[in-house]
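**Student:**
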Amino acid sequence: MQLIDGKKISLQLQEEISAEVKKIIASGGKQPHLAAVLVGNDGGSETYVAAKIKACENVGFKSTLIRHDSNVTEAELLATVNKLNADKDIDGYIVQLPLPKHITEQKIIEAVDTAKDVDGFHPINVGRMVLNLPTYISATPNGIVELIKRYKIETIGKHCVVIGRSNIVGSPMSILMAKNNVFANCTVTICHSKTKDIASFTKQADIIICALGKPEFLTADMVKQGAVVIDVGTTRVASAETKSGFKLKGDVKFEEVAPKCSYITPVPGGVGPMTIASLLMNTLLAAKKEIYR
Ligand code: GUN
-13 MQLIDGKKIS
-3 LQLQEEISAE
7 VKKIIASGGK
17 QPHLAAVLVG
27 NDGGSETYVA
37 AKIKACENVG
47 FKSTLIRHDS
57 NVTEAELLAT
67 VNKLNADKDI
77 DGYIVQLPLP
87 KHITEQKIIE
97 AVDTAKDVDG
107 FHPINVGRMV
117 LNLPTYISAT
127 PNGIVELIKR
137 YKIETIGKHC
147 VVIGRSNIVG
157 SPMSILMAKN
167 NVFANCTVTI
177 CHSKTKDIAS
187 FTKQADIIIC
197 ALGKPEFLTA
207 DMVKQGAVVI
217 DVGTTRVASA
227 ETKSGFKLKG
237 DVKFEEVAPK
247 CSYITPVPGG
257 VGPMTIASLL
267 MNTLLAAKKE
277 IYR
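Residues -13 to 279, numbered by the working numbering, are exactly what the sequence shown covers, in order.
(1) Do the region 47 to 62 and the region 105 to 125 touch if we need at least three Cβ pairs shorter than 8 Å?
(2) Mark residue 88 as exposed unless 16 or more other C-beta atoms lie within 10 angstroms of its C-beta, in which case mark it buried.
(3) Mind checking residue 150: buried by the 16 CB within 10 Å criterion, or exposed?
(4) With a threshold of 8 Å on Cβ separation, who are the neighbours of residue 102 within its own chain once the five nearest residues in sequence on each side are excluded?
(5) Expressed to the nearest angstrom, what Euclidean distance is found between the alpha-carbon atoms of residue 231 and residue 31?
(6) Quick check on residue 61 - is its C-beta less than 9 Å from some C-beta in chain C?
(7) At the level of alpha carbons, what is the spacing between residue 237 and residue 229?
(8) DSSP three-state label for residue 29, please.
(9) Only counting the same chain, and skipping five residues up and downstream in sequence, which positions put a Cβ closer than 8 Å to that of residue 91?
(10) Quick check on this structure: which residue in 275, -10, 277 has the alpha carbon closest to the alpha carbon of residue 132?
(11) Where does residue 207 fall in DSSP's three states?
(12) Using a Cβ-Cβ cutoff of less than 6 Å, which residues in the same chain neighbour residue -7 once the five nearest sequence positions on both sides are dropped?
(13) When you measure from the CB of residue 261 to every non-hydrogen atom of the ligand GUN, does any distance come out below 8 Å?
(14) For the ligand GUN, is there any heavy atom lying closer than 8 Å to the beta carbon of residue 107?
(15) Cβ of residue 186 versus every heavy atom of the ligand GUN: is any distance shorter than 8 Å?
(16) Among the residues of its own chain, which have a CB less than 6 Å from the CB of residue 49, if the five just before and after it don't count?
(17) Using only the heavy atoms of the ligand GUN, determine whether one of them is closer than 8 Å to the beta carbon of residue 82.
(18) In terms of residue numbering, what span does the beta strand (DSSP E) encompassing residue 133 cover?
(19) Please classify residue 232: does DSSP put it in a helix, a strand, or coil?
(20) Is residue 49 near the ligand GUN, with its Cβ less than 8 Å from a heavy atom?
(21) Taking 8 Å as the cut-off, is the C-beta of residue 66 nearer than that to any heavy atom in the ligand GUN?
(22) Look up residue 48 in the DSSP assignment and say whether it is helix, strand or coil.
(23) By how many angstroms is the C-alpha of residue 250 removed from the C-alpha of residue 207?
(24) Can you list, in chain order, the residues of its chain with a C-beta nearer than 6 Å to that of residue 185? Leave out the 5 residues immediately preceding and following it.
(25) Put residue 248 into one of helix, strand or coil per three-state DSSP.
(26) Under three-state DSSP, which class holds residue 14?
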């Protein structure tokens, strides 16, 4: 069994991005600039946005954090989005999700300038991903593909089972894993809350991508010997052992599943750090105008 070290690969990617930023600046270019919009003070969102801002510092990007109270109106949030669209210094930005219930998330996502949509959530960018056109691929699926690439995991003709069909992870992941290239080319099955007997599918899988948000859902009896297991789960569960009072739990019962795997991602330190690295990669693409000119 080999542990997939997302933290190490994320730091490698950050070094590569940092070297590119130095080159851009040395040749008289502008410092890449990422903005993040944070609404309210949900603990998880605060942590993720703080990590994104810190990663910008690590690679030499400029960053801007825009905060709104949780009672911000949809019109006010749309005004912020329009301001960011018009700001020539900002290459890309994200609006951290989830948003409060009184705001229609899709309306905000569709207001983001596609060229600055480094989350890759805009329907045009999702469509471009489906059609194999240059685009921003959303951070978590992109990070997982990068892990598969860097660990040279065999994918061609393999059976990949994705558990979960969210817009952010499960759906794009299933599309990417079925693409006609070296780091995809799988036969893909998507399982979800209405799938009958999920184990009957996972037991046949060469690669399992677990993104349903249920701690320790995937158990050893559901996994074939030698499978690759990618755990996207990051549920906060109360813990007296940590300063923060919680622990991150993956969707995989790691201790019993790991011995059966050829490769497995841990939680934390697997997929999570790659999400950040992917966002930085997309921001660099935006700064270099590689997707939209
Ligand atoms: N909430 C959970 N994951 C993400 C993400 O990748 N981007 C944004 N904007 N919000 C999220």
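We put the CB at the ideal spot given by N, CA and C, even for glycine.
**Tutor:** So, from the listed chains and residues:
(1) no
(2) exposed
(3) buried
(4) 70, 71, 76, 77, 78, 79, 272
(5) 16 Å
(6) No chain C appears in the structure shown, which is made up of a single protein chain.
(7) 23 Å
(8) helix
(9) 83, 84, 85
(10) -10
(11) helix
(12) 255, 259
(13) yes
(14) yes
(15) no
(16) 20, 39, 42
(17) yes
(18) Segment 125 to 136 is the alpha helix (DSSP H) holding residue 133; no beta strand (DSSP E) there.
(19) strand
(20) no
(21) no
(22) strand
(23) 16 Å
(24) 208
(25) strand
(26) coil
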